[in-house]
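Following: one structure in structure tokens, then a few remarks.
In the working numbering, the protein residues as written are 9 to 926.
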């Protein structure tokens with residue numbers, strides 16, 4: 009039995025249970041669980057209240073909760089073994105040890121953690137043992153605790169640990185709570201002597217492979233903006249895995265033991281401790297604030313935890329951004345510690361390939377077998393399939409070997425040996441002002457950046473070892489910088505390096521199926537080196553009050569000459585950084601069938617080579633934002649804009665550059681060719697029903713659909729649906745008698761049916777028929793193809809048009825902002841542009857995205873007697889940017905100041921109804 013417990017509230021509760029020995033066992037157990045449970049809850053509440061008041065150390069609080077739980081479990085064992093199932097003369101089989109495993113075994117519990125117990129017996133389970141276990145578990149369940157449990161003999165522990173790595177890991181980190189100490193020590197002794205000491209390499213390989221799979225499931229990057237504190241790369245599980253391996257190989261019970269065994273320096277041990285405390289504190293807050301085992305650090309919780317942990321706004325950065333920067337730096341530290349540790353275990357234990365880095369499948373690796381000295385004094389060698397530095401290399405005497413090493417990584421696509429990265433980290437001070445001014449260093453850096461191998465791998469390693477920030481000090485500002493919005497998935501530095509990786513994959517042809525135009529344009533690119541520098545610098549100005557594109561241009565003008573770029577290259581890079589958002593904005597926010605849009609865009613770009621590079625930069629930028637951001641609709645928009653602008657810049661005739669009359673006649677002729685089953689006079693009557701703008705704004709497919717719908721006649725609305733696989737959209741067309749507010753009612757019905765409008769066109773015939781076309785997608789950014797959903801959409805639309813459904817009321821009822829989104833502030837903004845289009849006023853409305861926003865905006869236009877002819881919808885996470893091509897009731901642009909102000913007030917009220925109501 010465990011030593012007698014000290015007198016406490018727990019002891020008093022136990023004495024009260026023992027004092028009243030009356031009643032059946034079930035009642036005694038119930039009294040025990042109620043009495044001990046009450047004290048347990050009070051003690052836990054004290055720990056949580058103290059943490060909430062001071063909240064600086066989650067490890068300390070976790071240990072306190074674990075110690076309290078130990079006492080409760082020990083007392084329940086006392087009740088079960090001494091009172092309920094007392095055995096005066098136990099046999100050798102009737103012994104038991106209660107052992108903590110899992111996180112509880114480490115002596116750490118978060119507020120919502122499971123209590124994992126092992127009921128250890130010497131041999132096969134006995135009736136006495138079963139009764140004790142059952143009583144303890146029922147009591148714990150009565151206390152509403154989440155209990156994970158197993159009952160095994162010592163032999164069973166050995167046998168199951170041999171065949172199951174999860175069980176082996178749980179038995180590696182155990183702790184005796186109470187019961188038979190000799191039995192527990194027997195299990196530990198046999199585990200070490202019969203299993204652990206002879207299976208080190210096997211365990212290491214399994215844990216690192218498990219780590220790789222976990223990272224893949226959790227998103228693959230340690231710089232995800234909503235990381236899982238426990239499972240993501242650089243999280244607590246990585247620290248735990250590292251310590252499991254250390255314990256397995258070195259029988260280490262603490263980080264200090266690893267210092268004694270020369271695995272870590274004292275400084276690295278302190279880093280480990282600080283990382284553990286920070287991550288555990290964050291996790292403790294997650295559990296405490298949500299009341300459940302919440303492990304993902306969502307946006308709303310980031311705001312609250314940042315405040316609770318004492319972070320404050322400073323230097324233009326919000327408190328939450330400073331908190332998350334600390335988080336990402338901690339995750340990076342965990343990566344550094346893992347690399348150092350892997351290097352040590354390879355060296356000391358000859359464990360093969362203790363990392364899980366793998367070559368990229370699209371990289372040509374032929375260079376690995378014939379790697380030459382990279383131009384320096386020492387050859388970069390291949391060691392166990394990875395690039396390593398020669399042991400005799402003196403980096404102080406030959407500092408450029410640091411960059412040559414990363415050039416070898418970039419050129420071959422080979423993994424880097426952790427020992428080499430450790431040496432480089434220890435010599436960062438060599439990268440000083442003289443190093444940065446060395447012409448050979450500049451050339452090496454540019455060769456790494458624009459390598460035809462794997463520049464992404466090399467740059468990410470350079471960033472994680474801080475070589476990149478030392479060589480390019482401007483980059484340090486964006487390291488671990490989060491962008492507190494729902495659009496970007498990564499920190500700015502991770503986004504930048506990922507974008508370079510996208511460009512590399514395009515050049516290798518790995519994205520040919522998805523990006524045929526980009527793949528073709530990447531071949532024979534004249535300004536290839538300038539493009540890679542532009543991708544590296546495109547977001548370098550973020551995190552300041554000034555527009556990051558304008559600030560980035562100034563940084564580029566300073567950095568490029570320093571890197572050794574020519575004046576022409578510098579000008580190109582600076583221009584690309586300044587205008588890197590232009591093509592995305594025009595493609596996603598403007599009507600590409602409007603001739604003025606193409607002209608204005610082409611006049612800014614000015615040359616075909618710039619257009620080529622701008623398209624590639626735009627594609628890389630969007631695809632590097634995060635998973636599921638890129639889709640077929642965006643791809644087709646960019647392709648169309650490129651083709652129109654390229655034709656204009658080459659002196660040819662694009663659809664946009666032709667005269668209005670020529671384009672109109674061409675559109676009519678194309679429709680005539682489609683309507684071969686109609687008599688000529690019928691076609692003439694249809695053509696005469698439309699104004700010129702109709703022929704310029706739609707493709708022939710839509711003209712034909714409208715013609716056949718109008719031919720059906722009748723008072724009822726007609727609907728036509730088809731799918732556009734190239735754009736990943738569904739095209740929805742409707743025809744009916746025109747009346748005020750029709751466009752608004754249609755958009756409301758579409759929103760109620762769960763479809764997202766990405767583009768819309770609205771026309772009225774000369775005899776008063778409204779023709780509305782919508783390009784819609786589902787929530788996943790794909791075509792709205794499901795037949796059942798289309799049937800519901802049809803039903804909702806027709807019922808709304810008949811007045812049976814009032815979309816505004818229903819949409820407002822449903823438009824709840826999810827908790828994780830409430831911390832985002834999107835200031836409403838309305839802008840008028842009478843120069844962007846020859847015939848329309850372009851009104852751009854920006855605000856928080858929500859269900860039914862387009863409907864509310866369309867109502868605002870209708871209430872102001874403003875007609876919508878086209879709507880282009882763009883969404884960036886929580887921010888919606890909707891652009892409308894409009895005219896007033898008399899067919900004129902909106903030029904009167906009073907009219908603009910009145911319309912702006914209504915639009916602002918639609919963008920932020922809570923402000924208008926307040």
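Here a beta-carbon is modelled for each residue, glycine too, at the ideal position from N, C-alpha and C.
Taking the beta strand (DSSP E) that residue i belongs to, which residues open and close that run?
| i | result |
| --- | --- |
| residue 599 | Counting along the chain, residue 599 falls outside any beta strand (DSSP E), and DSSP gives it neither H nor E. |
| residue 769 | 764 to 772 |
| residue 848 | Per DSSP, residue 848 belongs to no beta strand (DSSP E) and is neither H nor E. |
| residue 895 | 887 to 896 |
| residue 884 | 874 to 884 |
For the alpha helix (DSSP H) containing residue i, name the first residue and the last one.
| i | result |
| --- | --- |
| residue 703 | 700 to 705 |
| residue 621 | 616 to 631 |
| residue 783 | It is not in any alpha helix (DSSP H) - residue 783 instead sits in the beta strand (DSSP E) that spans 777 to 785. |
| residue 486 | Note, residue 486: premise wrong, no alpha helix (DSSP H); not H, not E. |
| residue 442 | 441 to 445 |
| residue 792 | Here residue 792 belongs to no alpha helix (DSSP H), and DSSP marks it neither H nor E. |
| residue 315 | 307 to 316 |
| residue 543 | 536 to 545 |
| residue 493 | No alpha helix (DSSP H) contains residue 493, which DSSP labels as neither H nor E. |
| residue 201 | 189 to 202 |
Let me make sure I understand the geometry here. Which of the options has the alpha-carbon closest to that of residue i?
| i | options | result |
| --- | --- | --- |
| residue 878 | 689, 765, 109, 200 | 765 |
| residue 769 | 351, 234, 599, 353 | 599 |
| residue 429 | 523, 390, 472 | 472 |
| residue 156 | 174, 169, 170, 126 | 126 |
| residue 884 | 397, 184, 493 | 493 |
| residue 559 | 547, 569, 568 | 547 |
| residue 462 | 775, 451, 513, 479 | 513 |
| residue 39 | 272, 109, 146, 864 | 146 |
| residue 398 | 431, 418, 423 | 431 |
| residue 816 | 760, 835, 855, 653 | 760 |
| residue 620 | 652, 607, 452, 220 | 652 |
| residue 2 | 851, 882, 847, 887 | Residue coverage of the chain in this structure runs from 9 to 926, which leaves residue 2 outside it and unanswerable. |
Which word fits residue i, buried or exposed, when buried means at least 16 other C-beta atoms lie within 10 angstroms of its C-beta?
| i | result |
| --- | --- |
| residue 34 | exposed |
| residue 149 | exposed |
| residue 842 | exposed |
| residue 904 | exposed |
| residue 97 | exposed |
| residue 699 | exposed |
| residue 814 | exposed |
| residue 172 | exposed |
Looking only at its chain, what residues have a beta carbon closer than 8 Å to the beta carbon of residue i, apart from the 5 residues adjacent to it on each side?
| i | result |
| --- | --- |
| residue 897 | 873, 874, 875 |
| residue 247 | 280, 283, 284, 287, 342, 345 |
| residue 261 | 255 |
| residue 523 | 514, 627, 643 |
Quick one: residues in its chain with C-beta nearer than 6 Å to the C-beta of residue i, no 5 flanking neighbours on either side, listed in chain order?
| i | result |
| --- | --- |
| residue 540 | 457, 458 |
| residue 253 | 212, 215 |
| residue 694 | 715 |
| residue 378 | Note that residue 378 scores a pLDDT of 40, beneath 50, so its modelled location is shaky and nothing firm can be said. |
| residue 564 | 545, 581, 582, 585 |
Beta-carbon within less than 7 Å of residue i's beta-carbon, same chain only, minus the 5 sequence neighbours each way: which residues are those?
| i | result |
| --- | --- |
| residue 188 | 103, 104, 105 |
| residue 236 | 226, 243, 303, 304 |
| residue 468 | 505 |
| residue 192 | 105, 107, 128, 184 |
| residue 691 | 680, 683 |
Less than 7 Å between the CB of residue i and some heavy atom of the ligand SAH, yes or no?
| i | result |
| --- | --- |
| residue 566 | The model on display carries no ligand, and the ligand SAH is accordingly not part of it. |
Exercise for review: Count the C-beta pairs between the segment 256 to 264 and the segment 226 to 233 that are closer than 8 Å, then say yes if the count reaches three, no if not.
Suggested key: Short answer: they don't touch.
Point to revise | Touch test, the segment 630 to 645 against the segment 574 to 584, Cβ-Cβ under 8 Å, three pairs minimum | key: No, the segment 630 to 645 does not touch the segment 574 to 584.
Practice item. Spell out a yes or no on whether the segment 640 to 651 and the segment 726 to 741 are touching, meaning 3 or more CB-CB pairs, one atom from each, closer than 8 Å. Key: Under the three-pair Cβ rule at 8 Å, the segment 640 to 651 counts as touching the segment 726 to 741.
**Study point:** Inter-stretch contact at 8 Å, needing at least 3 Cβ pairs: the segment 522 to 534 / the segment 401 to 414
**Key:** Counting Cβ pairs under 8 Å, fewer than three are found: no touch.
Check your understanding: Is the segment 117 to 133 touching the segment 156 to 170 in the sense that three or more CB pairs, one from each, lie closer than 8 Å?
Key -> The segment 156 to 170, when compared against the segment 117 to 133, does touch it at the 8 Å Cβ threshold.
Review point. Do three or more CB pairs link the segment 166 to 185 to the segment 129 to 139 at distances below 8 Å?
Key: With the cut-off at 8 Å, the segment 166 to 185 and the segment 129 to 139 do not touch.
Exercise for review: Give a yes or no on contact between the segment 183 to 202 and the segment 239 to 246, applying the rule of three or more CB pairs nearer than 8 Å.
Suggested key: As far as the Cβ criterion goes, the segment 183 to 202 does not touch the segment 239 to 246, which means the pair count is below three.
Exercise for review: Report yes or no: do three or more beta-carbon pairs, one from the segment 35 to 54 and one from the segment 69 to 76, lie closer than 8 Å?
Suggested key: Three or more Cβ pairs drawn from the segment 35 to 54 and the segment 69 to 76 lie within less than 8 Å of each other, which places the two stretches in contact.
**Study point:** Stretch-stretch touch, CB-based, cutoff 8 Å, three pairs: the segment 480 to 492 with the segment 595 to 611
**Key:** Output reads no: the segment 595 to 611 does not touch the segment 480 to 492.
Exercise for review: Could you tell me whether the segment 436 to 455 touches the segment 553 to 572, where touching means 3 or more Cβ pairs closer than 8 Å?
Suggested key: By the C-beta criterion, the segment 436 to 455 is judged to be in contact with the segment 553 to 572, since at least 3 inter-stretch pairs fall below 8 Å.
Review point. Between the segment 794 to 812 and the segment 748 to 760, do three or more beta carbon pairs fall short of 8 Å?
Key: The segment 794 to 812 and the segment 748 to 760 touch, with no fewer than 3 CB-CB distances between them shorter than 8 Å.
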